[in-house]
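In numbering that gives the first Met the number 0, the protein residues as written are 0 to 358. In this text, a Cβ means the ideal position worked out from N, Cα and C, and glycines have one as well. Just so you know, these numbers come straight off a predicted model, no measurement behind them. Below: one structure, written as structure tokens.
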Amino acid sequence: MEQITVKASQSSYQVSVGAGIRHKLAEFLPKSYQNVFIVSDTSIAPHYLDDYIASLLPTAKVTKKIIEPGEAAKSKDMYFDILDSMFEAQLDRKALVLALGGGVIGDLAGFVASTYMRGIDFIQLPTTILAHDSSVGGKVAINHETGKNLIGSFYPPVAVVYDVDTIKTLPEKEVRSGYAELIKEAYIGDAAFLDQLFAREKLDKENEDQLIKDLSLGIKVKTKIVEADEKENDLRKFLNLGHTLGHAIEAEAGYGTFTHGEAVAIGMLFALELSEKRFGADLRLNEFRSWLERNQYPLHVPDFPAERLIKRMQMDKKSENGEVHMVLLQEIGYPVTEKIDHGQLHEAVTSFLERMSSV
């Protein structure tokens, strides 16, 4: 098992990554909670919910809220529905919320916890590789009709308990999705980790020791950045490497065409190309592309009009006054945020789409 301490502005919390630790949940609780409210979904609860409940204190009163999986759950209606269930359960301010699932469950349950009676404790119990990113750092949110994650707060969990056994039921596309964020973290903060990923022939979700090590290395990169910039004023933006074009492609193709990580991987290819042209660094682009290909990442991108994607890129949270700002790499381990001239961006996106649409 690996344990990483995250120092937040209000308090610190521990991230525990190991195999079978869902059976020892009570050991990771910072308090003896007598009221526990668990939020999970129908794809996860049948596999793991009973294990987590059995590992709580026998005197604890447990209330369950099982919802349908998917991004649609991060809605205002679901937010109020969960709040209603919590009031019905008569939870007080000393209660605990457990978020058992992927990023959607973590975001939703965390935001509910942050606002119920002005905030009660919650613990992240991630069940996907991708959730290693969203479960650490304290960003919680629901969606608005205008866009994703527009209603939210910074509210750190009191603990993260990450049982890698839960990853064994993940479909391969979700394994790819999660590892895209891990290789992103290697690029921005751990060259040795990048070496290890490139040296490996294939991703292997069955290798528990490797999963624990990979997840811990990725979490350590994110922890270092989050501790320096908890509220995303500056350095935390570096975690968005690949996301500017990636988000645009994900939205333009229609959510579900690409997983989040698959879209980010394509966005990283674009960002690394721009970085090499701008800074002249060797960012191991051919090795990255080879790694994506042998792990069967979808690299074909429909030939979208460049201006449509650029318009979406202008809506990115890093953009200012309609000007696109992207995370680039001066070299491996040295990210920067750069303004991209519209003419240069149009030329680069057009060229990139021409090549990727013929893959």
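Chain-order list of residues whose beta-carbon lies under 7 Å from that of residue i (same chain, five-residue window excluded)
i           : result
residue 335 : 327 and 329
residue 138 : 151 and 153
residue 240 : 183, 186, 187, 267, 270, 326 and 334
residue 42  : 68
residue 74  : 141 and 142
residue 251 : 303, 307, 308 and 311
residue 194 : none
Proximity test, Cβ basis, 9 Å: residue i and chain D
i           : result
residue 178 : No chain D is present in this structure, which holds just one protein chain.
Where residue i falls: helix, strand or coil (DSSP)
i           : result
residue 29  : coil
residue 200 : coil
residue 120 : strand
residue 251 : helix
residue 209 : helix
residue 229 : coil
residue 298 : coil
residue 89  : coil
residue 95  : strand
residue 60  : strand
Residue i - partner residues in DSSP beta bridges
i           : result
residue 150 : 141
residue 39  : 65
residue 20  : For residue 20, which the question treats as bridged, DSSP gives no partner whatsoever.
residue 338 : 324
residue 438 : Outside the displayed range of the chain (0 to 358) lies residue 438, so it cannot be described from this structure.
residue 168 : Answer by DSSP bridge pairing: none, since residue 168 is not bridged.
residue 11  : 6
residue 158 : 13 and 122
residue 285 : Answer by DSSP bridge pairing: none, since residue 285 is not bridged.
residue 333 : 330
Close beta carbons around residue i, own chain, < 6 Å, minus the five adjacent residues each side
i           : result
residue 360 : Absent from the model: residue 360. The displayed extent of the chain is 0 to 358, so no value can be given.
residue 125 : 134 and 161
residue 116 : 92
Anticipated Cβ contact below 8 Å, residue i with residue j, distance rounded
i           : j           : result
residue 174 : residue 135 : In fact, because the Cβ distance is near 19 Å, the residues do not count as touching under 8 Å.
residue 341 : residue 129 : Between residue 129 and residue 341 the Cβ distance is about 32 Å, and since that is not below 8 Å, they are no contact.
residue 54  : residue 21  : 6 Å
residue 256 : residue 315 : Contact flag wrong, Cβ pair sits at about 19 Å.
Sequence-distant residues of its chain with Cβ nearer than 8 Å to residue i (five each side left out)
i          : result
residue 50 : 21 and 22
Checklist line | Stretch-stretch touch, CB-based, cutoff 8 Å, three pairs: the segment 8 to 15 with the segment 142 to 161 | finding: yes
Margin query: Using 8 Å as the cut-off, can you tell me whether the segment 297 to 312 makes contact with the segment 234 to 252, which would need three or more C-beta pairs spanning the two stretches below that distance?
Written below: yes
Check: Can we say the segment 27 to 43 touches the segment 55 to 62, given the rule of at least three CB pairs closer than 8 Å?
Finding: yes
Note to self: Assess contact between the segment 15 to 31 and the segment 75 to 91, defined as three or more Cβ pairs (one per stretch) separated by less than 8 Å. Is contact present?
What the structure shows: no
Next item on the list: Inspect the CB distances between the segment 281 to 298 and the segment 207 to 222 and report whether three or more fall short of 8 Å.
Entry: no
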